[in-house]
Amino acid sequence: MPWLPVIFVVLPFTELMILLKIGAEWGVLPTLGLIIVTATIGYQLFRHQGMSTWQRVNQKVAQGEMPTSDMTEGVLILMAGVLMITPGLITDTIGLLCLLPFTRRPLLKLLGKRLMAKVTVYSSATSQTTEDPYRSNSGKVFDGEAHEVKEAPSENTRQLDRD
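When we follow UniProt numbering, the leftmost residue of the sequence shown carries the number 1, and every step to the right adds one.
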């Protein structure tokens, strides 16, 4: 996956460079204030959007529907919350785009198209019958009764000693 090195190596250095430039222009305290404010706003949006999505999921489940779109929105909201709490302006911007409903839904459509292009769906069919699996297909049925026959041991029968 070629984007993993970008996420784990390039992005933190870029975030750090941007924060250092803002810190040099604005000063340390305003830069720290910006980080704290964006993290707080991100947390509040994450909490509000996450709760509303959770309520929609519960409502659909109670109605017997499958909440697939709400579940994928929930995953995107969780990812956005992590991005917003992470210090840095790039991650905050991406997180904010994932949190706002009017940008989240088009983003989900775009991601859905990309994922569906890579996903292979396998399906199988099963069937159930009401027929007895032990029933013979020959069509002949014999009806009868069973009686238990108790025979007395003969002289040729050996008894085992059971201790």
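We put the CB at the ideal spot given by N, CA and C, even for glycine.
Remember, it's a predicted structure, so these values are computed and weren't measured experimentally.
Endpoints, the alpha helix (DSSP H) within which residue i is located
| i | result |
| --- | --- |
| Asp70 | Thr68 to Ile85 |
| Lys150 | Where Lys150 is concerned, there is no enclosing alpha helix (DSSP H), given that its DSSP letter is neither H nor E. |
Helix, strand or coil at residue i according to DSSP, with G and I counted as helix
| i | result |
| --- | --- |
| Ser52 | helix |
| Pro12 | helix |
| Gln59 | helix |
| residue 164 | Residue 164 lies beyond the range of the chain shown here (1 to 163); nothing can be said about it. |
| Pro5 | helix |
| Val141 | coil |
| Gly112 | helix |
| Leu100 | coil |
| Gly64 | coil |
| Thr120 | coil |
| Gly33 | helix |
CB contact flag (residue i, residue j, <8 Å)
| i | j | result |
| --- | --- | --- |
| Leu111 | Cys98 | no |
| Ile90 | Ile35 | no |
| Ile77 | Gln49 | yes |
| Pro87 | Ala39 | yes |
| Gly81 | Gly42 | yes |
| Met84 | Asp92 | yes |
| Thr14 | Ile22 | no |
Exposure label - residue i; buried when at least 16 CB within 10 Å
| i | result |
| --- | --- |
| Arg114 | exposed |
| Arg104 | buried |
| Thr68 | exposed |
| Thr53 | buried |
| Glu73 | buried |
| Asp143 | exposed |
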